[in-house]
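Q:
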Amino acid sequence: MPRPRIRVLASRLACLFLIVWMQAFAPALLAAQKADPPQPARQKEDPHSPAIPGSEYSGMYSFLRDGEFVQFTVQEGGHLIGFVSRYADPEGSAGFVEHFIKSGTLAGNQFSFATDRVKGVSFEFKGEVERGEGTTRDDEDYYVLKGSLTENTVDEAKKTSGRSQEVVLKSFPKNLASPQMEKK
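Quick note, the sequence shown lines up with residues 487 to 670 if you use this note's numbering.
(1) Which residues share a DSSP beta bridge with Thr591?
(2) Comparing alpha-carbon positions, which option in Leu550, Leu592, Gly553 lies nearest Gly563?
(3) On the three-state DSSP scale, how would you describe Tyr543?
(4) Looking at the strands, I want to know which residues DSSP matches up with Lys605.
(5) Once the 5 residues before and after Asp624 are set aside, which same chain residues still bring their CB inside 7 angstroms of it?
(6) Where does Lys645 fall in DSSP's three states?
(7) Between which two residues does the beta strand (DSSP E) harbouring Ser657 extend?
(8) The beta strand (DSSP E) spanning Gly633 covers which residue range?
(9) Helix or strand or just coil, what does DSSP make of Glu549?
(10) By the three-class DSSP mapping on this structure, what secondary structure does Thr559 have?
(11) List the residues that DSSP assigns as beta-bridge partners of Arg572.
(12) If we ignore side chains and look at the alpha-carbon of each, how far apart do Gly594 and Ala574 end up?
(13) In chain order, what residues of the same chain have a beta carbon less than 7 angstroms from the beta carbon of Lys656, not counting five sequence neighbours either side?
(14) Between Gly606, Glu652, Ser650, which lies nearest to Glu642 when the distance is taken from Cα to Cα?
(15) What does DSSP give as the partner residue(s) for Arg623 in the beta ladder?
(16) So what's Gly578 in DSSP terms, helix, strand or just coil?
(17) Could you check what DSSP says for Gly618 in three-state terms: helix, strand or coil?
(18) Quick check on Glu554: does DSSP put it in helix, strand or coil?
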C-alpha cells in the first residue's frame, strides 16, 4: 500500500472519527445525566481480553477501490457504528461521500451492516471476520471481512436495483502513525 494514502486516510479518519464519536456518544452522555446513581464497580476484568467482545475487530478496512474504506467500532452487544467512505463519482474527481452505518451487528465472527443511502446509493454487507495474513495488529491485512457486498441504487424514476459481489476487505494497520511509517 502506498504510504501517502495512509497519511491522507489518517487525517480524514481523525475528522470523521470526531463526527462518529459525537453521533455515538452524545445521546449516551445526555442519558447519563438523567440516569440513576452509579452502581458499585464490577470486579476487575482480565486485562488481556477485550472489554467488549468483538471489539478487537474495530478499525479501518479497505473498500472497493484504492482510497476507499469502511471504518467501524463494535459496541456492547455486538452493535456496530461507523461509515463507508467512497469516491463520489467513478473517476474519483468529485471528492468523497460518507455512508453512515444505519444497522450493523457482529455475532461471533458473523458480520453484517447496512448503510444509509447517499446520492442514490447504499450498501449491505453479510459475511465473516477472519484472520488475514498480517502477523501483528499493526500490519495491514491482520483481519479480513469476507462476504457478499450489495450496492443498492435508486435512479431518478425511484427504481431500485442491486448488484452483489463477493469481496475481501482487508484491515488497515491498527496504528496508522507507527514509527516505521514515519521513517519512510
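A virtual CB, placed ideally from N, CA and C, is assigned to each residue, including glycine.
A: Taking the structure as given:
(1) Counting from one through the sequence shown, the residue named residue 591 turns up at place 105. His565, Ser598, per the DSSP bridge assignment.
(2) Looking up residue 563 in the sequence shown gives position 77. Cα-wise, what sits closest to Gly563 is Leu592.
(3) As a working note, residue 543 is residue 57 in the sequence shown. Note: Tyr543 maps to helix in three-state DSSP.
(4) As a working note, residue 605 is residue 119 in the sequence shown. Partner(s): none; Lys605 has no beta bridge.
(5) Along the sequence shown, one-based indexing puts residue 624 at 138. So the qualifying residues of the chain are Pro659, Lys660, Asn661, Ser664.
(6) For this step, residue 645 is matched to residue 159 along the sequence shown. Coil, per DSSP.
(7) Along the sequence shown, read from residue 1 onward, the residue named residue 657 stands at position 171. Segment: none, Ser657 is in no beta strand (DSSP E) and carries neither H nor E.
(8) As a working note, residue 633 is residue 147 in the sequence shown. 629 to 640 is the span of the beta strand (DSSP E), which, as asked, contains Gly633.
(9) To locate residue 549, count along the sequence shown from 1; it is residue 63. Note on residue identity: the sequence assigns Phe, not Glu, to residue 549. Here Phe549 sits in coil by DSSP.
(10) Within the sequence shown, the letter at position 73 stands for residue 559. It is a strand residue.
(11) For the purposes of this step, residue 572 is taken as the residue at position 86 of the sequence shown. Paired residues: Val583.
(12) Numbered from 1 along the sequence shown, position 108 holds the residue referred to as residue 594. Numbered from 1 along the sequence shown, position 88 holds the residue referred to as residue 574. The straight-line gap from Cα to Cα measures roughly 33 angstroms.
(13) Your numbering for residue 656 matches position 170 in the sequence shown. For Lys656, where only same-chain residues beyond five positions count, the Cβ hits under 7 angstroms are Tyr547, Ser548, Gly618, Glu626, Asp627, Val630.
(14) By one-based count along the sequence shown, residue 642 stands at place 156. Looking at the Cα atoms, Gly606 is the closest of the given residues.
(15) Against the sequence shown, residue 623 aligns to sequence position 137. Beta-bridge pairing links Arg623 to no other residue.
(16) Counting from 1 along the sequence shown, the entry for residue 578 is found at position 92. If DSSP states are grouped into helix, strand and coil, Gly578 belongs with coil.
(17) Here residue 618 refers to the residue found at position 132 of the sequence shown. Of the three classes helix, strand and coil, the one that applies to Gly618 here is coil, per DSSP.
(18) Against the sequence shown, residue 554 aligns to sequence position 68. Coil, per DSSP.
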